[in-house]
Structure formats: structure tokens, C-alpha cells
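For what it's worth, our numbering labels the leading residue of the sequence shown as 1, then goes sequentially.
These notes concern the structure reproduced below.
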Amino acid sequence: MGNSDAKLLEGLLNAPASGRILSKDMDKYVKDCCNGEKPPCRCVCPLDLDVVMLNTKLQKGNFNSAYTMYRDKVLFPGIVSKICDQPCLNVCVRKDIDDAIDMLKLEKAIVDYTRSTAPVKYRVLKKNKKVAILGAGLCGLSCTVKLASHGYDVTIFEKKDKIGGRLWDLLSPDIFIPEIENQMQFFEYTLKLDTEIENIGELQNHFDAVLIATGKDGASFGLLEGLNRDSLGSAIKGIFLAGFLLGTTPMQSIEQGIRAAQSIESYLQTNRMHVMLGIDLDKTSRLRMDIGKIEPSKGVKAERYSKEEAVYEAKRCLKCDCRDCINACDMIKRYNKMPKRIAGDVRMTLNPVESLQPRVATRMLSSCNNCGLCGTVCPENIDMGDFLLEARRIMHREGSLPPAFHDFWIRDMKFAASEKAYVAKNAPGYQKSEYIFFPGCQLGASEPAYVERPYAYLLKKFPQSGIILSCCGAPAEWAGDEPLTKEITAGIRKQWEDMGKPVAILACPTCEKMFTKYLPQIKKISLYDFIKEHGLPLNHIVSNAAVSIFDPCSSRYDESMQKSVRELVLKAGFAIDELPYREKTAQCCGYGGHIYTANPALAKDIARKRIELGQNPYITYCTNCRDIFADMGKPCRHVLDVLFDINGELRKPPSLTDRRNNRVALKASLLKNIWQEESYEERQKPAILISPELMEKLNKQLIVEDDIRETIEYCESSGNKIFNPAKGYYIGHQRQGVMTYWVIYQVEEGAYRIINAYCHRLNIEGE
């Protein structure tokens, strides 16, 4: 994201909570999006023919619909399909792969195979404005068609005794005369042949506007000087010049006739010259197509296409458009909305009109992994993740972001930073640290040995190595809670300062990303860079198996970390078969942004697609990736499993409850084994008995044992419970934060057996 984009997002964020987010500000962020831009073929076409749409119709064999569209653009299909100079051939993306699409032959096929070439007759309301057109060539006739179709009183003055202009040099009159008569048969206009105009001023006395289209070397009445080449308006009000008189090609003559008609109509409506309403003269295309993955397909070699050949040739059209972000991002693909549409929906969500406009994008903007892949693949570097994260922040600030979307993750983050799990200590015998190991909150939650063994390794290499067990603040960042994010990161910075400002050794790519953004003053190195520099642990796994490295999305811009992991895996003997998305194009496993609550189906679909990227077992260096993949049956190791011989590739991930218990156990283990200290111990409480089947269900509902225990303790102490004598169980509920938890349980000696539990966002009134 560039500095200007960052400032724009900062401006959006700092807008008053009660104020409205301006449409132009949001549109400005996505204004450079290339999706929907005209492809090169359309840009160079003088008549602005929508080649993609035309070929889409032909691909379905719909020649009639294609003809209607073609005629509306070119006005004289039977002529244009024979004399077009095909500038599109030179810019067609396919020309660098096999053969350019032969549009002229396709246009001939459209004319050949349409059911009828007759135009549609419309009733047109007559206007009381008169227009004189000098010249009955391509330009003059085209202008006549457009103005007459809008009800203007048009008179054509042609000094020769025949219409067509330069067409007499290009085609047989047996071709173009019938075509002109056919296409103009329903228009009312006056044609005056053998009539040469010598005094343009006198003509103005009888007409409201005049077009001079007198052809090559024709009379210009001294008006070429001062001509506006865009509007085609002269220095004299109401007089326009266009066509071969200005040195145009046949196709350009038709285009200028159409453009002159638009300018004349604008003048007649506004009494102002050079009003370019609806006229787009930009002939440049910003589309950049990646042709590397396009399958070659040779063009049809025939002088005239059959219907089948025309359909085949049309199907070779790549329908050029920029879809890089939607091809890479599962969220954009799921909603099938490109950046400009997303920005529009977000704008309506941030600025809802009471009772008229709902917040249409709340769930969508909460379904973004914030991984940054869209910005990486975008040719204009538009990062919709940054954009949507700012939208979350705005909604969080004004209280309109559903708290339940991030409630569990915020509470889990706070647990990781609580007395039960938090550790911040220098190495035994030291008052300051040379290094601090910051493994993050998820590594030890998945497997305590992921922290214990690397820390023991660090202590052997550098005895003055401290440790901080806490969370980097990513859950708060993803929730759009900027004050909480700053509180967490400020706490880390204060602890780092108290420990002597050591170098931070990071094992989690997301922590590395958060440190880079919020703690730039902390010098850091990844654990994997450190191990690569100081040598593999003695007890590492040795294997010659083929594996694929799954790069976590947060490692996208840490090339050093990515390379170090690969070198360490290779040194352990593994063969690496790279995945299609890796390194700079690394994809999220589905965990990022904590989208599971807002969009569980999308989160699951993302994970499924990731495990299908490669057939080999995976090695990754994000414990969230590892546990999500393993939960779906994909053989997967954390790289620490390899480096310290911890677990196999089929280890089942712990439940959410066990993750919290692992954090508590990790703290106790470190304090006891390294500092010979005892951890904080809670008083003995009744056991909570949960079957494996129910535990799996609770995991999906993001319910942990602590939630259940707190609810039961409240029910037991308050008596706010109902007993079912037939079933022999109690049912009760408690509001915890933004969620209401219900528990069905039986009381046993020294324990509570859980029959079922669930939660919802509804608050029960009267409590």
C-alpha cells in the first residue's frame, strides 16, 4: 500500500464517529482498479465496439443478438464488416500466444447468419431543431442516423449527384447503396443532391446547427483553425467539422459522425459548444494480462466462417479483464464482487440511511482474512484487506460492528495475557536479556513443547535469553479494536524496555507482522533465521520424504523467514515439492481475520482448498495452519516438529479447552523447570465431564470449558436453574459479555457431567 493510500485510510479512520464517510474518499481508494476497464481491442476500435460482449453472444451461437448489438455500434454493418482496417488485430492478447482473434471475419459471419438485417422502427418524438449536414459520405450519413433517430430535422446537402463519398473507391455500389438505404429506411431526413453550399453564414440563418463533412479536399470555409478536435466544434458557435475533411480513416469517419451528433445535440440542449456529454476519447487500456497460463488455441483458417467456425473463433476470445484479486482471494470470489463494488457496499454500510438502507456489507467485511494477497497480485497494489480492516475499525469505534464476531477471540487473547498463562522473565541469574523469545499465544496452546524445546535451545546458545509468553495483539487488530491493539502492543514494548531492550526472537509469522507494524523499535529475528545461523538441534528428524512447504500468509513479505524454513527442511533430508501459491503469493489457511464466527462456511471452504493444493504432506511454520489442516485430515507438521522431533504429521489438534489448558501447563512447566518456581494454582474445583463427541460440537461453537464452568457455578450459587426430574438433569443459563450460555448438566460426586451446551447473542430481558 502506497503512502497516499495509507493517508487516505488514516483519514477515513480519523473521521468523526458521528460523521459520514464521503463517497469520493472511498471511491478514491479503488479508483485505479482495472476490473471493468476496456480491453486493448475495444480501446483501439474507433467505434468503441464491445468485443468481449459481442464474442460472448457469438460463443452461444446467438447471431441475431450479436447483429443487433453490432448494428447499434457501427450503424452500417454491411459496410463496416467489409472495409474495417482491424486495428484490434495488432493489440489482441492472443497474438503473442497463437493467433489474434479475426474480428472482421466474425463481423462478416454476424451479417451472414443473422435472421434479419432490417433495422427496428421506433416512434420518435419530433424536435423543433434543424440541423444541416454538408456531405453524404460515411461521416455525414452517420451523423444523420444519430440525429434523425433522436427526432431532429436533418437536411443533407451533397454537391455530387450520389451519396457514399469515398465508399465509391472502396466498395461496389451494389453493396453499399442497398446497405445505406436499408439502415436509414425508417428515418425522416431531407437529402439534397447536386447542391453545393458556398455561404456557410447564410445556411446558419435557416438551421440551428451545421456539420461540415465535405470529405477530402472539401470546403472547410476557413474553420479548420480554432477547431476543437475533441468536440469537433469550430470557433463559430453552432458549426462543427468532421470526417475525411480532417484526414480520417473510414472507421474514424463513422466515429466522428457519431461524435459530432453527440456534440451537436449537447449544443442544441445547452447552447454551449464543446460539451462532451457521454463522449469517451481515452484510447488507452490499463489492463495487463498474464498470458503464462493461457492454453494455445490456433485460429480458424478460412476465408469465410461457417456458423460453427465463427462460434469456435469467438470462444478463443479471452474476454480480457483484470480478475487477479478474485482469482486469488476466496472471499472476493465467494461474494463475486470486485473492489469498486465492495467499496460501494462498504460505503453504504458505514453510511446507512435509517429504514431505507441496511448495513449490507457487515458480514462481508468481517469475512476478510486480512492476508494481503489481493494487494500483492493486484497490478495497482490495491489491498482490500487494509480497506476492509479500516472499515471494521470505523464500525467498532461507532459500535456498529457485531461484538459476537470477535468476542471469543478477544477473550482468548486476554486469557493468554492473564496471570494464568502470562510469563515475562529474564533468564535465571540475569537482570537483563540479550535476546527474548516471543513465541506468541498459539504456539504453546497447540503444543507446549513447541515453546519449551526451542527456548531450551536458545538458552544453550545464549544463556542470557529471556522469554515473554503473551499475545501480540492480532485478535484485537482483526476485531478493529484499535485502543485494545495499542494497549497490548504498548504492554509488550514496556516489558521489552524493562528487560533491557533485547533482540526479539519470533516463532510466529503473525507476531512478526504485528511487531513490524506496531513495534518497529524492537530489533527482531525469526526463530528459523536464528536456527539456520546457529545450527540444527542435535535431535532433529532425518527423512528423505517428499513434502510441500505451506507458507503462512503473514510470512508473505518475510523472504528471509521463508528461505530459512526451506533450508532447514532440506538440511533435515526432506525433498520439497513447491505449492502453486507460495512466498509472495502465500494464501491464508482460513484462520486469519478470525472470520470463522462471521462466515464459518467460507472459513471451512478456504481450509479445504488449501489442503487440496498439493498431494504431499505439508510442513508449515504457523501453528494455526498446522492445526486447521490436521483437523481436516491433511498430514501436516509444524517445522518445529522436524527441528526438535516433537510430533508426527498426523497429530490431532487440541480442543479449544485443551489449548487453554496447554497455556497454563506451559507456564507451570517453564517456571518449575527453568526458574524452580511454582505457578499460580487455583483451588480444586469439581471436574467438568464432556464426551469427545460433545467436545467436537463445542469446538465448532467456540465454547470452552471455562464458559461452561462459569455458567454452572452461577446457576448453582444463584439457584437460577431448572431441574428436569424425568431426565435427571439441570438446565441453566448465564450472560457472559455479549453471549448467553446455556448448559444442560447432571451433578455427580465431585463433578458435573455435561449433556449439552450452546450459546447465542440474544439477551434475556428482566435479568
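For every residue, glycine included, the Cβ atom is placed at its ideal position computed from N, Cα and C.
Given the structure is predicted, the values throughout are model-derived calculations rather than measurements.
* To do: Kindly indicate the opening and closing residues of the beta strand (DSSP E) around residue 526.
  => 524–526
* With 16 other CB atoms within 10 Å as the buried threshold, where does residue 274 fall? -> exposed
* To do: Go ahead and label residue 723 buried or exposed: buried means 16 or more other beta carbons lie within 10 angstroms of its beta carbon, across all protein chains shown.
  => exposed
* the stretch 377–387 in contact with the stretch 611–620 per 3-pair CB rule at 8 angstroms -> no
* Asked: For the candidate residues 471, 152, 465, whose alpha-carbon lies nearest to that of residue 505?
  -> 465
* Asked: On the premise that residue 689 lies in contact with residue 598, defined as a C-beta separation below 8 angstroms, what is that separation, rounded to the nearest angstrom?
  -> Not really, about 32 angstroms apart at Cβ, beyond 8 angstroms.
* **From 134, 61, 102, residue whose alpha carbon lies closest to that of residue 113** => 61
* **Identity of the residues DSSP links to residue 721 by a beta bridge** => 732
* To do: List the endpoints of the continuous beta strand (DSSP E) containing residue 465.
  => 465–469
* From 532, 265, 625, 85, pick the residue whose C-alpha is nearest to that of residue 508; which is it? -> 625
* To do: Along the beta strand (DSSP E) that carries residue 396, what are the first and last residues, could you check?
  => Element bounds for residue 396: not the beta strand (DSSP E) but the alpha helix (DSSP H), 384–398.
* Counting only runs that start and end within the stretch 310–355, where is the alpha helix (DSSP H) found for 4 or more residues in a row? -> 324–328, 330–335, 339–350
* Asked: Taking only runs of the alpha helix (DSSP H) that begin and end inside the stretch 476–559, which ones reach a length of at least 4 residues, in chain order?
  -> 482–498, 509–518, 527–534
* If you draw a straight line from the alpha carbon of residue 584 to that of residue 559, how long is it in whole angstroms? -> 8 angstroms
* Cβ-based neighbour list, residue 55, same chain, cut-off 6 angstroms, excluding 5 preceding and 5 following -> 314, 317
* To do: Closer than 6 angstroms by C-beta to residue 307: which residues in its own chain qualify, once you throw out the five before and the five after it? Chain order, please.
  => 113
* On the premise that residue 636 lies in contact with residue 701, defined as a C-beta separation below 8 angstroms, what is that separation, rounded to the nearest angstrom? -> At roughly 24 angstroms, the Cβ-Cβ gap does not stay under 8 angstroms, so residue 701 and residue 636 are not in contact.
* **Limits of the beta strand (DSSP E) - the one that residue 211 falls within** => 209–212
* What three-state label does DSSP hand residue 639 in the structure shown? -> helix
* Which residues mark the beginning and the end of the beta strand (DSSP E) in which residue 153 is found? -> 153–157
* To do: Identify the continuous alpha helix (DSSP H) that holds residue 746 and give its terminal residues.
  => Unbroken run through residue 746 is the beta strand (DSSP E), 739–748; no alpha helix (DSSP H).
* Asked: Among 579, 424, 226, 208, which residue has its Cα nearest to the Cα of residue 496?
  -> 424
* Going by DSSP, name the residue or residues bridged to residue 759. => 741
* To do: Apply the 10 Å Cβ neighbour rule to residue 762 and answer buried if 16 or more other Cβ atoms are within range, or exposed otherwise.
  => exposed
* **Beta-carbon proximity check, residue 666 vs residue 452, cutoff 9 angstroms** => yes
* Asked: Does DSSP put residue 435 in a helix, in a strand, or in coil?
  -> strand
* On the three-state DSSP scale, how would you describe residue 596? -> coil
* **Buried/exposed call for residue 118, threshold 16 Cβ in 10 Å** => exposed
* To do: Can you have a look at residue 684 and say buried or exposed, based on whether 16 or more other CB atoms are within 10 angstroms of its CB?
  => exposed
* Asked: Alpha carbon to alpha carbon, what distance is there between residue 367 and residue 352?
  -> 20 angstroms
* Asked: Would the beta-carbon of residue 628 fall within 9 angstroms of that of residue 607?
  -> yes
* **Whether residue 738 touches residue 404 by CB criterion (9 angstroms)** => yes
* Asked: Mapping DSSP to helix, strand and coil, what is residue 619?
  -> strand
* Cβ pair residue 211, residue 136 closer than 9 angstroms -> no
* What number of angstroms, rounded off, separates the C-alpha of residue 22 from the C-alpha of residue 346? -> In this prediction, residue 22 scores a pLDDT of 46, lower than 50, which makes its location untrustworthy; the coordinate-derived value is nonetheless stated afterwards. C-alpha separation (whole angstroms): 11 angstroms.
* To do: Select from 282, 253, 233 the residue whose C-alpha is nearest the C-alpha of residue 265.
  => 233
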